[in-house]
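Participant: Quick note: the sequence shown, position 202, residue 211 per this note's numbering, numbers continuous. In this text, a Cβ means the ideal position worked out from N, Cα and C, and glycines have one as well. Just so you know, these numbers come straight off a predicted model, no measurement behind them.
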Amino acid sequence: MISTTLKKLTLATALAAFSLPAMSQVDQNELAGQMNVISTAVPFLTISPDSRAGGMGDVGVATSPDYASQAWNPAKYAFLDDNIGVSVSYTPWLRKLVDDINLYYVSGFYRIDKMQSVAASLRYFSVGSITYKQSASDTGYEIKPNEFAIDASYTRLLSDKFSGAVAFRYIRSDLSGGMVESMEAGNSFAADVAFFYKTPIGGKKSGQTLSAGLNISNIGAKISYDGGTNKEFIPTNMKLGAAYSYELDSYNAVTFAVDFNKLLVPTPSLNVNGQQSYAEENKDVSVISAMFSSFGDAPGGMEEEMNEVNVSLGAEYLYNKQFAIRAGYFHEHENKGNRKFMTIGTGLKFNIFNIDASYIIPVNQNNPLANTIRFSLAFDI
10 MISTTLKKLT
20 LATALAAFSL
30 PAMSQVDQNE
40 LAGQMNVIST
50 AVPFLTISPD
60 SRAGGMGDVG
70 VATSPDYASQ
80 AWNPAKYAFL
90 DDNIGVSVSY
100 TPWLRKLVDD
110 INLYYVSGFY
120 RIDKMQSVAA
130 SLRYFSVGSI
140 TYKQSASDTG
150 YEIKPNEFAI
160 DASYTRLLSD
170 KFSGAVAFRY
180 IRSDLSGGMV
190 ESMEAGNSFA
200 ADVAFFYKTP
210 IGGKKSGQTL
220 SAGLNISNIG
230 AKISYDGGTN
240 KEFIPTNMKL
250 GAAYSYELDS
260 YNAVTFAVDF
270 NKLLVPTPSL
280 NVNGQQSYAE
290 ENKDVSVISA
300 MFSSFGDAPG
310 GMEEEMNEVN
320 VSLGAEYLYN
330 KQFAIRAGYF
340 HEHENKGNRK
350 FMTIGTGLKF
360 NIFNIDASYI
370 IPVNQNNPLA
380 NTIRFSLAFD
390 I
């Protein structure tokens, strides 16, 4: 028996991507308006790790490059003017409910030459301390579940306006802290393929820039916690976005951005009672097949497919390239998780480092994401 403190682990995992198990197919008309949240393992990979994007409604695939671009679109590194940079972020997660779940993120890049850059990052998710019990009378013992991902990327400028990148990732998820015999740590390898396009509009002296980005992330092997008997998809995801920046004068600039996100994994099926269970037909589906079929496998048809696209809107005001104010909105359909929240953030740039912070304001009452704050530091080495 697992003590009630283990609910922290279930809660943190569910709220990271609002995952539920998957089920058998029924008639489309019977599914209208039913909740059908997509399930994946290691949903911590979908949590926004840095404060700049966190303050802009979780947009980042097409915004101007920064040191934390590895998390959103590593292809953006090709357009950074700096040669070496490091970013460190800290997110106390679900502080409204618990006080020891944290997400840490460290990323850094190095410019090889004018055409090439390399980058690496570490994402570490700690679920704190949990008491595991064999029975109600057992005093139990403490376990410390954790998950992390280490990745490295290579970015190349393909033209003066266009760049591409590939990233490779190792993922490890230890939900039992190595203390539960029936549950072992899960491991997986994954890759990202990303592109970034940036061009001036209205003439080079107009101060206007349009950019677009695409990142298909976490293309990788399924993960297992029982030696391979049962395997789960990791959150393969497609990010597509655009951004518009306008330098009003030598001191003031604004940016408006939008991102669209869709998980490229099987959509759960539902029975006539709206209940989910793991579909047998998904056990043998390959990762690549699931990516392509994910655009047309929703039991509710095209309407449900569109509901699976999360939308992020963000804005940033920058004064003298030193002080930033940010705001944004994140929308997820109520039948796909119902994450709806506004964000605000700020940033301050000094000679060799930046300080950024962001804050989540939920639209719904009693949302466990309320009062979530992110902090980031970036160093120009």
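#1: Which same chain residues end up closer than 8 Å to Asp306 when comparing Cβ atoms and leaving out the 5 residues on each side of it in sequence?
#2: Which runs of the alpha helix (DSSP H) fall wholly inside the stretch 31-110 and span at least 4 residues, in chain order?
#3: Is the beta carbon of Lys123 sitting closer than 9 Å to the one on Ser135?
#4: Between the C-alpha atoms of Ile334 and Lys240, what's the straight-line distance to the nearest angstrom?
#5: Opposite Val267 in the DSSP bridges: which residues?
#6: Nearest-angstrom Cα distance between Asn261 and Pro308?
#7: Kindly indicate which residue of Gly137, Ile110 and Phe171 has the alpha-carbon position closest to the one of Ala84.
#8: Need the endpoints of the beta strand (DSSP E) that Leu182 sits in, please.
#9: Is the beta carbon of Leu131 closer than 9 Å to that of Phe157?
#10: Quick one: what does DSSP say Val115 is sitting in, helix, strand or coil?
#11: Are at least three pairs of beta-carbons, each pair with one atom in the stretch 89-103 and one in the stretch 237-255, less than 8 Å apart?
#12: Give me the Cα-Cα distance between Tyr133 and Tyr113, rounded to the nearest whole angstrom.
#13: In angstroms with no decimal places, state the Cα-to-Cα distance between Ala200 and Asp258.
#14: Who are the near neighbours of Gln37 in its chain, counting only those whose CB is closer than 7 Å to its CB and skipping five residues on each side?
#15: Within the stretch 325-352, note down every full beta strand (DSSP E) run reaching 3 residues or more, in order along the chain.
#16: Compare the beta carbon distance of Gly250 and Ala203 with 9 Å and say whether it is the shorter of the two.
#17: Can you find the residues in the same chain that come closer than 7 Å, C-beta to C-beta, to Lys207, ignoring five residues on each side of it along the sequence?
#18: By DSSP, does Lys123 sit in helix, in strand, or in coil?
#19: Do Ser78 and Asp67 have their CB atoms nearer than 9 Å?
#20: Among residues of its own chain, excluding the 5 on either side of Ser116, which ones have a beta-carbon nearer than 6 Å to its beta-carbon?
#21: Could I get the ranges of all uninterrupted beta strand (DSSP E) runs contained in the stretch 140-170, with 3 residues as the minimum, in chain order?
#22: Could you tell me which residues DSSP pairs with Tyr260 in its beta bridges?
#23: Would you tell me roughly how many angstroms separate the C-alpha atoms of Ser233 and Asp160, rounded to the nearest one?
#24: What does the Cβ neighbour count give for Leu378, buried or exposed, with the cut at 16 atoms within 10 Å?
#25: At the level of alpha carbons, what is the spacing between Tyr163 and Tyr86?
#26: Taking just the CA atoms, how far does Phe177 sit from Met247?
#27: What does the Cβ neighbour count give for Ile361, buried or exposed, with the cut at 16 atoms within 10 Å?
#28: State the DSSP-derived secondary structure class of Ala366, mapped to helix, strand or coil.
#29: Measure the C-alpha to C-alpha separation of Arg348 and Ser197 and round it to an integer number of angstroms.
#30: Can you tell me whether DSSP reads Ile361 as helix, strand or coil?
#31: Just tell me which of Arg120, Phe53 and Asp268 has its CA closest to the CA of Arg181.
#32: Apart from the five residues on each side of it in sequence, which residues of its chain come closer than 7 Å, Cβ to Cβ, to Pro74?
#33: Please classify Ile110 as buried or exposed, where buried requires at least 16 other C-beta atoms within 10 Å of its C-beta.
#34: My output table needs one value for Ser12: the three-state DSSP class, helix, strand or coil.
#35: Kindly list the residues whose CB is nearer than 8 Å to the CB of Ile121, restricted to its own chain and excluding five residues on each side of it in sequence; keep chain order.
#36: Roughly how many angstroms separate the alpha carbons of Leu273 and Thr148, rounded to a whole number?
Facilitator: On the basis of the data shown:
#1: In the sequence shown, counting from the first residue as 1, residue 306 sits at position 297. The residues are Pro275 and Thr276.
#2: Fully enclosed alpha helix (DSSP H) runs of 4 or longer: 60-63.
#3: Against the sequence shown, residue 123 aligns to sequence position 114. Against the sequence shown, residue 135 aligns to sequence position 126. Their beta carbons are not under 9 Å apart, which means Lys123 does not touch Ser135 by this criterion.
#4: As a first step, residue 334 is located in the sequence shown; it is residue number 325 there, counting from the start. As a first step, residue 240 is located in the sequence shown; it is residue number 231 there, counting from the start. Linking Ile334 to Lys240 through their CA atoms gives a straight-line distance of about 43 Å.
#5: Residue 267 sits at position 258 when you count from the first residue of the sequence shown. The partner list for Val267 (beta bridge, DSSP) reads Ala251 and Leu322.
#6: Here residue 261 is taken as the residue at index 252 of the sequence shown, counted from 1. Here residue 308 is taken as the residue at index 299 of the sequence shown, counted from 1. A straight-line Cα-Cα distance of about 48 Å links Asn261 and Pro308.
#7: Position 75 of the sequence shown, counting from 1, holds the residue named residue 84. In terms of CA proximity to Ala84, Phe171 leads the group Gly137, Ile110 and Phe171.
#8: The residue labelled residue 182 in the question sits at position 173 within the sequence shown. In the sequence on display, residue 182 carries Ser and not Leu. Here the beta strand (DSSP E) through Ser182 covers Phe171 to Asp183.
#9: If you number the sequence shown from 1, residue 157 lands on position 148. If you number the sequence shown from 1, residue 131 lands on position 122. At a Cβ-Cβ threshold of 9 Å, Phe157 and Leu131 count as neighbours.
#10: In the sequence shown, the residue the question calls residue 115 occupies position 106. It is a strand residue.
#11: The stretch 89-103 and the stretch 237-255 do not touch, with fewer than 3 CB-CB distances between them shorter than 8 Å.
#12: Locating residue 133 in the sequence shown gives position 124, where the first residue counts as 1. Locating residue 113 in the sequence shown gives position 104, where the first residue counts as 1. In this model, Tyr133 and Tyr113 are separated by some 5 Å (Cα to Cα).
#13: As a working mapping, residue 200 is identified with position 191 in the sequence shown. As a working mapping, residue 258 is identified with position 249 in the sequence shown. Going by the C-alpha atoms only, they are around 40 Å apart.
#14: To locate residue 37, count along the sequence shown from 1; it is residue 28. The predicted model places Gln37 with a pLDDT of 38, which falls under 50 and marks its position as unreliable, so this point remains unresolved.
#15: Taking only runs of at least 3 residues, the beta strand (DSSP E) segments lying wholly in the stretch 325-352 are 332-340.
#16: On the sequence shown, position 241 is the one that residue 250 refers to. On the sequence shown, position 194 is the one that residue 203 refers to. No, the Cβ-Cβ distance between Gly250 and Ala203 is not below 9 Å.
#17: As a first step, residue 207 is located in the sequence shown; it is residue number 198 there, counting from the start. Result list for Lys207: Phe88, Lys170, Thr218 and Ser220, in chain order.
#18: On the sequence shown, position 114 is the one that residue 123 refers to. Three-state result, Lys123: coil.
#19: Counted from its first residue, the sequence shown places residue 78 at position 69. Counted from its first residue, the sequence shown places residue 67 at position 58. No.
#20: Mapped onto the sequence shown, residue 116 falls at position 107. Take Ser116, set aside five residues on each side of it, and the residues of its chain with a beta-carbon closer than 6 Å to its own are Ala77, Gln79, Ser96 and Ser130, in chain order.
#21: Runs of the beta strand (DSSP E) inside the stretch 140-170: 150-152 and 155-166.
#22: In the sequence shown, counting from the first residue as 1, residue 260 sits at position 251. According to DSSP, residue pairing for Tyr260 in a beta bridge does not occur.
#23: Reading the sequence shown from its first residue, position 224 is the one you call residue 233. Reading the sequence shown from its first residue, position 151 is the one you call residue 160. The straight-line gap from Cα to Cα measures roughly 20 Å.
#24: Reading the sequence shown from its first residue, position 369 is the one you call residue 378. Buried, since its Cβ has 16 or more Cβ neighbours within 10 Å.
#25: Position 154 of the sequence shown, counting from 1, holds the residue named residue 163. Position 77 of the sequence shown, counting from 1, holds the residue named residue 86. Looking at the two C-alpha atoms, the distance is approximately 9 Å.
#26: On the sequence shown, position 238 is the one that residue 247 refers to. On the sequence shown, position 168 is the one that residue 177 refers to. The alpha-carbon of Met247 is positioned some 16 Å away from that of Phe177.
#27: Locating residue 361 in the sequence shown gives position 352, where the first residue counts as 1. It is exposed - the Cβ of Ile361 has fewer than 16 other Cβ atoms within 10 Å.
#28: The residue labelled residue 366 in the question sits at position 357 within the sequence shown. The three-state reading of DSSP puts Ala366 in strand, counting E and B together.
#29: Locating residue 348 in the sequence shown gives position 339, counting from the first residue. Locating residue 197 in the sequence shown gives position 188, counting from the first residue. Going by the C-alpha atoms only, they are around 27 Å apart.
#30: Here residue 361 is taken as the residue at index 352 of the sequence shown, counted from 1. Ile361 falls in the coil class under three-state DSSP.
#31: Translated into the one-based positions of the sequence shown, residue 181 becomes position 172. Ranking Arg120, Phe53 and Asp268 by Cα distance to Arg181 puts Phe53 first.
#32: What you label residue 74 is simply residue 65 of the sequence shown in a count that begins at 1. Residues Lys85, Tyr86, Phe88 and Leu89 of the same chain have their beta carbon placed closer than 7 Å to that of Pro74, with the five preceding and five following residues left out of the count.
#33: Counted from its first residue, the sequence shown places residue 110 at position 101. A buried status is given to Ile110, since no fewer than 16 other beta-carbon atoms sit within 10 Å of its beta-carbon.
#34: In the sequence shown, the residue the question calls residue 12 occupies position 3. Only weak support exists for where Ser12 lies, its pLDDT of 41 falling under 50; the coordinates are left without a value.
#35: Sequence index remark: in the sequence shown, residue 121 carries index 112 (1-based). Around Ile121: Val127.
#36: Against the sequence shown, residue 273 aligns to sequence position 264. Against the sequence shown, residue 148 aligns to sequence position 139. Roughly 43 Å between the two C-alpha positions.
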